[in-house]
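The block underneath contains the structure these notes are about, expressed in C-alpha cells.
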Amino acid sequence: MAPRATWKGQLKLSLVSFPVRLHTAVSSGSRVSLNQLHRDCNQRLRQQMTCPEHGPVDRTDIARGYEYEKGKYVVIDDADLEHLKLETQKTIELLYFTDADALDSLYLNSSYYVAPDGPMGDDAFNVVREAMKKHNKIAVGQVVMQNKEHMVSLRVEGQGFILTTLRYAHEVRAAEPYFTEITQKEISDAHLQLAEQLIESHTAEFDPAEFKDRYQDALLELVKAKITGAEPPATPQQEAGKVINLMDALKASVEEGTRKKPPAKSVKKAAKKKTKAKAKRA
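For the sequence shown, the working numbering assigns the number 1601 to the last residue and increments by one with no breaks.
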C-alpha cells in the first residue's frame, strides 16, 4: 500500500485532466533534534502566545491578520480564504513544456512524488509521461498548496513524476552585486592546465548514497556519551594548511588526486555520460 498522500487533486494539461496524488519526497524524521530546556530543572520549555495588553492567549483566540500600516491589521479568517477560489486550488495546471536541463537549480524548492490517484487516470497519466520522456521535456505550471500558489516543475521519474515547487523570480536575488568585487586577471596557461588535471583526477559519477551527514552522526555520539556519563568523543580538527603559492598547491593537489583517483568504473560512467550529453546536443 502506498504511503498517505500529502495532496490530492487534478493534473491538467490543456483539455486533458486526470486525478493524481502527491507524496513528500524528502524526509527529515531521522534528524537528531535538540529541544529547549529550563537550565535549572531540565524540563522542556513550552512556547505560549501572549498579547502585550492581555497577557497569555488561548489557541482558540488566535486570529490571522495582515499589517497594512504600522500597528494596524486587517483580520483574515478561513471564510475569507474560501473566497480565493483559484483554478489551481485543487489542480496542478501545466502551462508549457521546456527542455529538461533548462531550469536553474537556484529556483528549485521542495519535491514531491506524483502518482495517479486511482485507475481512472492511469491511461492519461502514462501517455503524458511517455510523451515527455520521449522528447526529454519537463512541464512548468502552478498549483495552490498550503495557502500559497506555487510555480512548479514536473519531470519524469521512473514510472511516475517528480513535482518540484519553484521560487518566483522576485524571491531570487541577482548574483551581480555579490560578484562585483571579484578581480579579473589574466589566467596563466600553466595554472589552467593544472586546474583541468585536478578536475579530471577528481571526476566521478554523482552518487548521493556515498555521502552521510557527519555532523548528525557526531551529535548522536555526543548524546549517547552524555546519557551514559562517558567522556564525549573527541573530533579530530583539521589544521589550517600552510600558505603556499598557487602553482605548488595545484601540483600537490593533482598528485594527491592521482593517488586517490575515484574507481575506474565511476570515472568511465561519468565520461560515458558526458559523451552522450555532447552527442545529444549535437
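Virtual Cβ for every residue (Gly too), placed ideally from N, Cα, C.
In the structure shown, Y1497 falls within a helical segment according to DSSP collapsed to helix, strand and coil. F1337 counts as buried, since at least 16 other C-beta atoms from the protein chains shown sit within 10 angstroms of its C-beta. Taking T1379 as reference, the option from M1368, E1388 and H1402 with the minimal CA-CA separation is M1368. Checking the DSSP bridge columns, you'll see H1342 partnered with Y1432. Straight-line measurement puts the Cα of S1572 at about 24 Å from the Cα of Q1503. By the neighbour-count criterion, in which a residue is buried when 16 or more other Cβ atoms sit within 10 angstroms of its Cβ, L1425 is exposed. The alpha-carbon separation between K1467 and Q1461 amounts to approximately 10 Å.
With respect to N1455, D1399 sits apart: the two C-beta atoms are not nearer than 9 Å. In this structure, DSSP gives A1568 a helical state, which the three-state scheme calls helix. Distance from the Cα of H1469 is smallest, within the candidate group A1458, T1484, G1479 and G1384, for T1484. DSSP places D1532 in the coil class of the three-state scheme, outside both helix and strand. Contact check for A1458 against R1340 fails: the beta carbons are separated by 9 Å or more. Put simply, the backbone Cα of A1493 is about 50 Å away from that of G1548.
Annotation for R1492: no alpha helix (DSSP H) segment contains it, and DSSP assigns it neither H nor E. T1343 is the residue among T1343, G1384, L1332 and L1334 whose C-alpha sits nearest the C-alpha of T1325. Around the Cβ of G1440, a 10 Å sphere holds 16 or more other Cβ atoms; the residue is buried.
The residue among P1552, L1517 and V1491 with its C-alpha nearest the C-alpha of A1568 is L1517. No Cβ-Cβ contact shorter than 9 Å links L1353 with Q1362. Given a length threshold of 3 residues, each whole run of the beta strand (DSSP E) inside the stretch 1383-1464 is given here in chain order: 1383-1388, 1391-1395, 1410-1418, 1427-1435 and 1456-1464. Under the three-state reduction of DSSP output, H1510 falls in the helix class.
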